[in-house]
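Below is one structure, written out as structure tokens; the observations come after it.
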Ligand SMILES: [Zn+2]
């Protein structure tokens, strides 16, 4: 049998008879309350889904931009698209018989490597912002040096900097966080650099890890029973799966520790994540702890917690097949792999890894030289007309159109 493909086409609004609303997810709105508000059937769109799909509905975050597509009369909802990570979105649509269907589908994007040099007029932040018009690129550069350089003390006018990063684009607009590859700045005539290593961690030119936000393990001596995956195609179920966190299997009642210092922003019971707690940390990070047996006494919304403080106990509440902690890590509301941030003992590269890293440094330094020599400028971001993504059954199996953006 020919595998059923998702048929996605891009339809400029002018060609569309249907009406698309671009909305922001209200703070406090749950997926179930969203369905109720729009008279969408919760039985087919939630209760009859398998547990993995139901858990995905927990990943909708407040403030996310989502779309509702209605028919010509702007009454019945034809489709809803809600991103839950930078790779996956929930898609609700009416099939030909008018029955509503739920699925998780990929977000199609492309990635572009950006690189540029600029000189400082007052401080690195404004220099990067002036060059790129991207606050996120600015924050990626600055956070790379947070622990090592006090810019306020050392930066002088006309100091040069170089940056290489990749950025995801959707419909021609940047989305999600840029991934820093190289940040270099010359201060008092000396270059300082932050380099992306092969292990997705950051190091200075000598191979010492640059400390950013580092977490402690939320459950000690636990086995990781399921790792993080942004999306994968399940060949048997014929659908997309995602696991936006890491599972730690441990006996019921095992203490759960706050992975970092922060403030509890949610401690509640949800149908799929059971007793679930969210902690907000510095620099746009958030951690999530699901399926808890119970919260530790006094752990409620608004409470500040210290790094490694006990916040609750391992359980199997919600949709869970056995006692474990589902641990999620988010940066600016996007799920990221906790593995890249959990503290490890090795902070300095040695031996073979160091040799490999030296090659990376050499490669980036050569690129930086070329960027400086050609005085390469940053591409700025432009706004494009809003366009919408719809599934269309009439374009034949296998038809998939790429994003082409009207300019
Ligand atoms: Zn999990």
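In the working numbering, the protein residues as written are 268 to 674. Idealized CB from N, CA, C, for every residue including glycine. No experiment lies behind these values; they were computed from the predicted model shown.
* Please confirm whether any heavy atom of ligand 1 lies closer than 7 angstroms to the CB of residue 510. => The residue you call residue 510 lines up with position 243 of the chain shown. Under cutoff, so the answer is yes.
* Asked: Once you ignore the five residues that flank residue 408 on each side, which residues in its own chain have a CB closer than 6 angstroms to its CB?
  -> Along the chain shown, read from residue 1 onward, the residue named residue 408 stands at position 141. Excluding positions up to five away in sequence, the list reads 395, 430, 450.
* **Alpha-carbon to alpha-carbon, residue 621 and residue 468** => Translated into the one-based positions of the chain shown, residue 468 becomes position 201. Translated into the one-based positions of the chain shown, residue 621 becomes position 354. Taking the straight line joining both Cα atoms gives about 13 angstroms.
* When we look at the beta-carbon of residue 387 and count the other beta-carbons within 10 Å, is it buried (16 or more) or exposed? -> As a first step, residue 387 is located in the chain shown; it is residue number 120 there, counting from the start. By the 10 Å Cβ count, residue 387 comes out buried.
* Is residue 455 near ligand 1, in the sense that its beta carbon is under 7 angstroms from a heavy atom of that ligand? -> On the chain shown, residue 455 is found 188 positions in, with the first residue counted as 1. Answer for residue 455: no, Cβ out of range of ligand 1.
* Asked: Quick one: complete alpha helix (DSSP H) runs, 4+ long, within the stretch 448-497?
  -> none
* Between residue 514 and ligand 1, is the CB less than 7 angstroms from at least one heavy atom? -> The residue labelled residue 514 in the question sits at position 247 within the chain shown. At least one heavy atom of ligand 1 is nearer than 7 angstroms to the Cβ of residue 514, so yes.
* Among 358, 354, 385, which one has its Cα closest to the Cα of residue 375? -> If you number the chain shown from 1, residue 375 lands on position 108. Of the listed residues, the one whose Cα sits closest to residue 375 is 354.
* Which residue spans inside the stretch 327-413 form an unbroken alpha helix (DSSP H) run of at least 4? -> 391-399, 402-411
* Which two residues bound the contiguous beta strand (DSSP E) that contains residue 609? -> On the chain shown, residue 609 is found 342 positions in, with the first residue counted as 1. Looking at the DSSP string, residue 609 is not in any beta strand (DSSP E), and its letter there is neither H nor E.
* **Closest residue to residue 536 among 350, 323, 412, 561 (Cα-Cα distance)** => As a working note, residue 536 is residue 269 in the chain shown. Of the listed residues, the one whose Cα sits closest to residue 536 is 561.
* Hey, how far is the Cα of residue 380 from the Cα of residue 596? -> Looking up residue 380 in the chain shown gives position 113. Looking up residue 596 in the chain shown gives position 329. Going from the Cα of residue 380 to the Cα of residue 596 covers about 25 angstroms.
* To do: Go ahead and pull the three-state DSSP assignment for residue 421.
  => The sequence position of residue 421 within the chain shown is 154, counting from 1. Here residue 421 sits in helix by DSSP.
* Around the Cβ of residue 289, are there at least 16 other Cβ atoms within 10 angstroms (buried) or fewer (exposed)? -> Within the chain shown, numbered from 1, the residue matching residue 289 stands at position 22. Answer is exposed; the Cβ neighbour count stays below 16.
* **Three or more C-beta pairs below 8 angstroms linking the stretch 524-542 and the stretch 628-642** => no
* **For residue 541 and residue 566, the rounded distance between their alpha carbons** => The residue labelled residue 566 in the question sits at position 299 within the chain shown. The residue labelled residue 541 in the question sits at position 274 within the chain shown. Rounded to the nearest angstrom, the two C-alpha atoms are 16 angstroms apart.
* Asked: Can residue 641 be considered in contact with ligand 1, in the sense that its beta carbon sits closer than 7 angstroms to one or more heavy atoms?
  -> Position 374 of the chain shown, counting from 1, holds the residue named residue 641. Because no heavy atom of ligand 1 lies under 7 angstroms away, the Cβ of residue 641 does not count as near it: no.
* Asked: Would you call the CB atoms of residue 441 and residue 433 closer than 8 angstroms?
  -> Walking along the chain shown from the start, residue 441 turns up at place 174. Walking along the chain shown from the start, residue 433 turns up at place 166. For residue 441 and residue 433, no; Cβs fall outside 8 angstroms.
* To do: Please state whether DSSP places residue 527 in a helix, a strand or coil.
  => For the purposes of this step, residue 527 is taken as residue 260 along the chain shown, with counting starting at 1. Coil at residue 527, not helix or strand.
* Asked: Whole beta strand (DSSP E) runs in the stretch 498-559 with 3 or more residues, listed along the chain?
  -> 506-510, 513-516, 522-524, 529-537, 541-547, 552-559
* To do: Report the rounded CA-to-CA distance for residue 623 versus residue 448, giving the unit in angstroms.
  => Start at 1 with the first residue of the chain shown, and residue 623 comes out as number 356. Start at 1 with the first residue of the chain shown, and residue 448 comes out as number 181. Using only the alpha carbons, I get a separation of about 16 angstroms.
* By Cβ distance below 6 angstroms, which residues in the same chain neighbour residue 639 in space, the five residues on each side in sequence not counted? -> Residue numbering aside, residue 639 sits at position 372 when the chain shown is read from its first letter. Cβ neighbours of residue 639 beyond the five flanking positions: 384.
* **Delimiting residues of the alpha helix (DSSP H) encompassing residue 619** => What you label residue 619 is simply residue 352 of the chain shown in a count that begins at 1. 618-640 is the extent of the alpha helix (DSSP H) around residue 619.
* To do: Report the partner residues of residue 591 according to the DSSP bridge assignment.
  => Taking the chain shown and counting its residues from 1, one reaches residue 591 at position 324. Residue 591 is bridged to 516, 582.
* For residue 313, write down the residues that DSSP places opposite it in a beta bridge. => Residue numbering aside, residue 313 sits at position 46 when the chain shown is read from its first letter. Residue 313 is not bridged to any residue.
* Proximity to residue 723 [Cα-Cα], best of 579, 548, 344, 509 -> Residue 723 lies beyond the residue range present for the chain, which begins at 268 and ends at 674; the question has no answer from this structure.
* Asked: Among residues of its own chain, excluding the 5 on either side of residue 299, which ones have a beta-carbon nearer than 7 angstroms to its beta-carbon?
  -> Position 32 of the chain shown, counted from the first residue, corresponds to residue 299. Closer than 7 angstroms at the Cβ level, and outside the excluded window around residue 299, lie 309, 313.
* Asked: residue 320 by DSSP, collapsed to three states: which one?
  -> The residue you call residue 320 lines up with position 53 of the chain shown. Residue 320: helix per DSSP, three-state reduction.
* **Beta-carbon contacts of residue 507 that lie in its chain and below 8 angstroms, excluding the five residues immediately before and after** => For the purposes of this step, residue 507 is identified with residue 240 of the chain shown, where counting begins at 1. Only 355, 370, 371, 372, 373, 498, 499, 500, 501 meet the Cβ criterion.
* Using DSSP with H/G/I as helix, E/B as strand and the rest coil, what is residue 643? -> By one-based count along the chain shown, residue 643 stands at place 376. Looking at residue 643 - three-state DSSP - the assignment turns out to be coil, as it is neither helix nor strand.
* To do: On the DSSP bridge assignment, give the partners of residue 598 in chain order.
  => On the chain shown, position 331 is the one that residue 598 refers to. Answer is 552, 601.
* To do: Below 7 angstroms CB to CB, which residues in the same chain sit around residue 650 once its five sequence neighbours on both sides are set aside?
  => Translated into positions along the chain shown, residue 650 becomes position 383. Its pLDDT being 42, under 50, residue 650 is placed unreliably by the model, and the measurement read from it follows with that caveat. Answer for residue 650: no residue qualifies.
* Asked: So, are the CB atoms of residue 603 and residue 484 less than 8 angstroms apart?
  -> If you number the chain shown from 1, residue 603 lands on position 336. If you number the chain shown from 1, residue 484 lands on position 217. No, the pair does not count as a contact, with Cβ atoms beyond the cut-off.
* Asked: Does the Cβ of residue 593 lie closer than 7 angstroms to at least one heavy atom of ligand 1?
  -> Your numbering for residue 593 matches position 326 in the chain shown. Checking the Cβ of residue 593 against ligand 1 gives yes.
* Excluding the five sequence neighbours on either side, which residues of its own chain have a C-beta within less than 8 angstroms of the C-beta of residue 512, listed in chain order? -> Taking the chain shown and counting its residues from 1, one reaches residue 512 at position 245. For residue 512, where only same-chain residues beyond five positions count, the Cβ hits under 8 angstroms are 495, 555, 557, 593, 594, 595, 596, 602, 605.
* Count the other CB atoms within 10 Å of the CB of residue 572; is the residue buried (16 or more) or exposed (fewer)? -> On the chain shown, position 305 is the one that residue 572 refers to. With 16 or more Cβ atoms within 10 Å of its Cβ, residue 572 is classed as buried.
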